[in-house]
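J.:
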Amino acid sequence: MPEKSPPDAKPPKGDSTAKPPKGDPSAESPKGGSSTKSPKGDSSNKSPKGDPSKRLGPRSAPQAVWLLAVLALGLGFMAIQSLTQLAEIDYRFFWEQVDAKNVTTAVIRGQALYGEFKDPPLPPKLPGSEPSATPAEPLPKQFVVTIGRGGLDEGLRQKLIDGGVFFRVEQEYSLDGLITIVWLGLLIGMGVWLWSFARRTRDQMVGGGMLGGVTRSPARLYDAEEGGGKTFDDVAGLKGVKRDLQEIVEFLKEPEKFLKLGARIPKGVLLNGPPGTGKTLLAKAIAGEAGVPFFSISGSEFIQMFVGVGASRVRDMFKTAKKAAPAILFIDEIDAVGRQRGAGLGGGHDEREQTLNQILSEMDGFTPNETVIVIAATNRPDVLDPALMRPGRFDRHVTVDRPTIQGREELFEVHTKGVPIADTVDFAKLARATVGMTGADIMNLVNEAALWATRQDKAFVETDDFEYARDKILMGDAREDILTEKEKQVTAFHEAGHALLGWLVPNNNRVHKVTIIPRGRAMGVTQYVPSEDRHSMSESEIKSYLAMGMAGRAAEILVFGEHSNGASSDLKNATSMARKMVVHWGMSDRIGPVAYHTDHADPFLGRELVQEGRTHSDHTARMIDEEVTRILNEAAELADQTLTKHRDKLEALAMALLEREEIDDVDIAELIGPAIDPADSPLGPPLPTYITPDKITAAPTGPAD
1 MPEKSPPDAK PPKGDSTAKP PKGDPSAESP KGGSSTKSPK GDSSNKSPKG
51 DPSKRLGPRS APQAVWLLAV LALGLGFMAI QSLTQLAEID YRFFWEQVDA
101 KNVTTAVIRG QALYGEFKDP PLPPKLPGSE PSATPAEPLP KQFVVTIGRG
151 GLDEGLRQKL IDGGVFFRVE QEYSLDGLIT IVWLGLLIGM GVWLWSFARR
201 TRDQMVGGGM LGGVTRSPAR LYDAEEGGGK TFDDVAGLKG VKRDLQEIVE
251 FLKEPEKFLK LGARIPKGVL LNGPPGTGKT LLAKAIAGEA GVPFFSISGS
301 EFIQMFVGVG ASRVRDMFKT AKKAAPAILF IDEIDAVGRQ RGAGLGGGHD
351 EREQTLNQIL SEMDGFTPNE TVIVIAATNR PDVLDPALMR PGRFDRHVTV
401 DRPTIQGREE LFEVHTKGVP IADTVDFAKL ARATVGMTGA DIMNLVNEAA
451 LWATRQDKAF VETDDFEYAR DKILMGDARE DILTEKEKQV TAFHEAGHAL
501 LGWLVPNNNR VHKVTIIPRG RAMGVTQYVP SEDRHSMSES EIKSYLAMGM
551 AGRAAEILVF GEHSNGASSD LKNATSMARK MVVHWGMSDR IGPVAYHTDH
601 ADPFLGRELV QEGRTHSDHT ARMIDEEVTR ILNEAAELAD QTLTKHRDKL
651 EALAMALLER EEIDDVDIAE LIGPAIDPAD SPLGPPLPTY ITPDKITAAP
701 TGPAD
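So the sequence shown is numbered by full-length UniProt numbering: it starts at 1 and just counts up by one.
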């Protein structure tokens with residue numbers, strides 16, 4: 001029979017199964033519910049003026065309380081509905097159960113009788129109904145039956161007494177009012193919650209909100225004392241850069257000294273250089289030297305999925321920094337948001353451009369910003385918008401290049417503090433062997449060396465540990481026992497060819513180590529170490545480099561009569577260098593001193609959309625290809641001639657590699673003698689590194705008589 005949800009029935013005392021529990025608000029709330037409430041009075045969410053470290057967070061409103069209240073009302077209503085569901089039976093079936101003495105208690109309330117079965121019976125079969133294939137389920141233990149308007153008459157009273165039913169009569173009442181109150185409470189609670197949600201969503205658009213402040217600036221504040229307080233003493237290998245930035249520190253310390261003479265400090269400083277050179281550390285050192293708050297943010301943190309969030313974050317970021325003035329605002333990887341406007345597929349209305357426009361307005365606009373210095377870092381200054389680079393915004397551009405030999409030596413001294421180093425370790429030699437490494441690379445190298453020394457159970461980190469770490473970083477882990485005997489022989493002669501050309505042909509970097517132990521994707525490696533840092537190369541030096549690159553392939557042909565595919569990387573690098581000689585550097589007499597290249601360095605389909613793909617004709621392109629081929633053939637011929645002339649030395653190096661698998665410059669000198677004198681080079685004597693004053697002749701001042 002269908003079930004009904006009537007008003008609550010109260011059975012006789014002592015029968016807990018028929019008595020619905022009274023609503024206990026504490027019972028409706030889950031344990032520990034208070035932990036979900038937002039803490040009130042959290043001082044960390046306040047941002048008093050003059051204390052920028054207390055960032056404004058989402059306000060602690062009674063939203064959680066309202067949510068819990070609505071949840072409690074809903075659960076209470078559901079409990080009432082579920083706990084008072086009774087089986088509705090007809091009057092005849094009720095009489096049958098009373099006669100069978102299967103009714104234990106009864107409560108008469110108006111026209112309804114609420115009772116309880118002793119043993120729940122099966123539901124009665126309706127007249128004319130077909131038998132069901134599945135067995136019927138017993139009725140619930142509690143039931144209700146309609147007895148008519150008369151209520152408890154004399155016949156019903158006698159029937160209940162004869163059936164042994166304990167019964168009582170109660171005044172009729174209804175739960176309709178309670179249900180109405182519950183529904184009103186639910187509606188009011190939902191209304192208040194929606195109002196609170198709308199209000200907080202509106203507040204969020206100005207920097208707050210219950211979603212954590214999507215439009216608030218995510219800039220992090222670093223106090224001068226935090227992290228030990230970085231200073232210029234913690235920055236090694238960047239003397240020139242520190243000298244340029246010292247002026248910023250002096251202005252932040254004593255601004256009156258500059259303002260008295262009408263000087264204006266740069267509003268922005270752009271640090272550009274390769275990754276890992278210490279741009280972020282320099283910005284922290286400036287703040288530490290000046291003793292001012294330092295706010296840090298990444299350029300990618302401005303752009304989110306919501307339109308307008310980036311510009312709002314910029315406004316909030318500058319607002320927070322101005323409250324803490326004088327302060328430094330550091331934007332790392334500014335090229336993520338400061339790329340040239342109108343470039344690429346985004347057009348002129350994308351979110352990135354709105355954010356950039358807001359940065360331009362905040363840095364220069366109508367609001368003076370003398371006490372907040374913006375320092376930005378990037379490794380792609382060429383893609384930044386010109387309006388961002390002009391004086392008045394980023395007035396000063398500082399190049400943070402890779403450290404020199406002296407700088408790398410200082411970096412080794414800084415990063416080995418706290419690391420037990422053996423007395424035999426020579427930092428000057430390590431600095432010469434780590435050309436091109438940045439401060440981050442050297443820090444990683446020192447850590448790898450310490451890890452390797454620990455695995456070897458050493459008490460000190462030794463030179464060979466640094467060598468192992470350098471090889472692992474530059475070439476990868478060693479992969480032993482992957483070459484066949486034939487491949488080892490080919491690799492040994494290939495690397496011996498590289499090493500011999502580097503040893504005999506001057507103007508090359510000095511050979512440091514040769515190995516046929518596979519590392520990474522290479523089956524063998526010849527390492528070179530320059531005697532000094534170089535920033536340019538002469539034509540003869542480049543030709544020596546090309547001959548050295550072709551020597552591995554030439555050695556294979558000389559010994560085995562054919563070459564393998566192991567020279568693919570050598571050919572690729574040599575071809576790239578030869579093409580640059582022709583189209584970039586004007587080192588071809590046939591082409592002349594003309595640059596035929598187009599700069600395709602700008603990414604993201606930016607400026608390339610408006611650039612011409614090629615600036616020369618097909619005839620010139622064919623001439624360029626012919627010149628590149630000629631230069632490579634000359635390099636291959638020089639390598640072949642040199643190796644043929646010194647084949648005994650080539651075989652000595654190859655045999656030593658097959659026996660030891662790895663040799664260094666000392667071993668090479670013992671095997672084939674010292675390096676060739678530059679004057680005896682097949683390329684002729686190299687150009688002098690400098691010209692003494694006595695070699696300089698004055699130009700004629702007039703025509704000769």
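Where a beta carbon is used, it is the ideal one built from N, C-alpha and C, also for glycine.
No experiment lies behind these values; they were computed from the predicted model shown.
Using a 10 Å radius around the Cβ and a threshold of 16 neighbouring Cβ atoms, would you call Q246 buried or exposed?
T.: Per the 10 Å Cβ criterion, exposed.
J.: Could you check the C-alpha separation between E96 and I181 for me, to the nearest Å?
T.: Near 39 Å, if we compare the C-alpha coordinates of I181 and E96.
J.: Which runs of the beta strand (DSSP E), 3 residues or longer, sit entirely within the stretch 314–363?
T.: Within the stretch 314–363, the complete beta strand (DSSP E) runs of at least 3 residues are 327–332.
J.: If you run the structure through DSSP and keep just helix, strand and coil, what is A639?
T.: Correct three-state label for A639: helix.
J.: Kindly indicate which three-state DSSP category D664 falls into: helix, strand or coil?
T.: D664: strand per DSSP, three-state reduction.
J.: Across the stretch 133–151 and the stretch 84–94, are there enough close Cβ pairs to call them in contact, namely three or more that are closer than 8 Å?
T.: The stretch 133–151, when compared against the stretch 84–94, does touch it at the 8 Å Cβ threshold.
J.: Which whole-angstrom value describes the C-beta separation of L643 and G497, a residue pair presumed to lie in contact below a C-beta threshold of 8 Å?
T.: Yes, L643 and G497 are in contact; Cβ-Cβ is about 6 Å, under 8 Å.
J.: Out of R380, D364, M443 and L126, state which residue places its alpha-carbon closest to the alpha-carbon of F318.
T.: Comparing Cα positions, the closest option is D364.
J.: Excluding the 5 residues flanking A635 on each side, which residues of the same chain have their C-beta closer than 6 Å to its C-beta?
T.: So the list reads L546, A547 and M550, once near-sequence residues are dropped.
J.: Tell me the DSSP bridge mates of I373?
T.: In the DSSP output, where bridge partners are listed per residue, I373 has I328.
J.: Rounded to the nearest angstrom, how far is the Cβ of A236 from that of L483, given a contact under 8 Å?
T.: The pair is not a contact, with the Cβ atoms about 41 Å apart (cut-off 8 Å).
J.: Short of 7 Å in beta carbon distance, which residues of its chain neighbour D24, apart from the five on each side in sequence? Order them along the chain.
T.: Bear in mind that a pLDDT of 43 at D24, under 50, signals an unreliable position, so the number given afterwards is only what the model happens to contain. Taken in chain order, the list of residues that qualify is empty.
J.: Look at the alpha carbon of K279 and the alpha carbon of D618, and state the distance between them as a whole number of angstroms.
T.: Their backbone Cα atoms lie some 45 Å apart in a straight line.
J.: So S296 is in the alpha helix (DSSP H); what residue range does that whole segment cover?
T.: That residue, S296, is in no alpha helix (DSSP H); its beta strand (DSSP E) goes F294 to S298.
J.: Within 9 Å (strictly less), CB to CB, does R553 reach chain C?
T.: Annotation note: the requested chain C is absent from the structure, which comprises a single protein chain.
J.: Expressed to the nearest angstrom, what Euclidean distance is found between the alpha-carbon atoms of I286 and A325?
T.: Taking the straight line from one Cα to the other gives about 15 Å.
J.: Run through DSSP, which three-state label would H616 get?
T.: The answer is coil: DSSP assigns H616 none of H, G, I, E or B.
J.: Buried or exposed, going by whether 16 or more other CB atoms sit within 10 Å of the CB of N633?
T.: Counting Cβ neighbours within 10 Å, N633 comes out exposed, since fewer than 16 surround it.
J.: Got a sec, what are the start and stop residues for the alpha helix (DSSP H) T146 sits in?
T.: Not the alpha helix (DSSP H): T146 falls in the beta strand (DSSP E), residues Q142 to T146.
J.: Taking the CB atoms as reference points, tell me whether D335 and L281 lie closer together than 9 Å.
T.: Their beta carbons are not under 9 Å apart, which means D335 does not touch L281 by this criterion.
J.: Please specify which runs of the beta strand (DSSP E), each continuous and at least 3 residues long, are wholly inside the stretch 243–305, giving them in chain order.
T.: Runs found: 268–272 and 294–298.
J.: For A428, count neighbouring C-beta atoms within 10 Å of its own C-beta (all shown protein chains included) and say buried if the count is 16 or more, exposed if not.
T.: It counts as exposed.
J.: Contact check, A595 vs V583 under 8 Å by CB: the rounded distance?
T.: About 7 Å separates the two Cβ atoms, so the contact holds.
J.: What residue does the alpha helix (DSSP H) around A440 start on, and which one ends it?
T.: Residues G439 to R455.
J.: Terminal residues of the continuous beta strand (DSSP E) containing L152?
T.: First-last for L152: undefined, no H or E at that position.
J.: Alpha carbon to alpha carbon, what distance is there between K513 and D664?
T.: Taking the straight line joining both Cα atoms gives about 4 Å.
J.: Since F412 is in the alpha helix (DSSP H), which residue starts that stretch and which ends it?
T.: Segment I405 to H415, the alpha helix (DSSP H) holding F412.
J.: Determine the closest residue to L271 out of V374, S312 and K230, with distance taken between C-alpha atoms.
T.: Cα-wise, what sits closest to L271 is V374.
J.: Go ahead and label T399 buried or exposed: buried means 16 or more other beta carbons lie within 10 angstroms of its beta carbon, across all protein chains shown.
T.: Counting Cβ neighbours within 10 Å, T399 comes out exposed, since fewer than 16 surround it.
J.: Just the Cα atoms here: how many angstroms apart are I516 and W503?
T.: Straight-line Cα distance between these residues: approximately 18 Å.
J.: Helix, strand or coil for R647? Go by DSSP, reduced to three states.
T.: The answer is helix: DSSP assigns R647 an H, G or I state.
J.: With distances taken Cα to Cα, identify the nearest neighbour of N509 among S531, L500 and R149.
T.: Measuring from the Cα of N509, the nearest candidate turns out to be S531.
J.: So the candidates are D119, G148, A522 and T134; which of them puts its Cα closest to the Cα of D477?
T.: Of the listed residues, the one whose Cα sits closest to D477 is A522.
J.: Going by the CB atoms, is the gap between V435 and V529 shorter than 9 Å?
T.: Yes; because the gap between Cβ atoms is below 9 Å, this pair is in contact.
J.: Under the rule that 16 or more other beta-carbon atoms within 10 Å means buried, what is D441, buried or exposed?
T.: Answer is buried; the Cβ neighbour count reaches 16.
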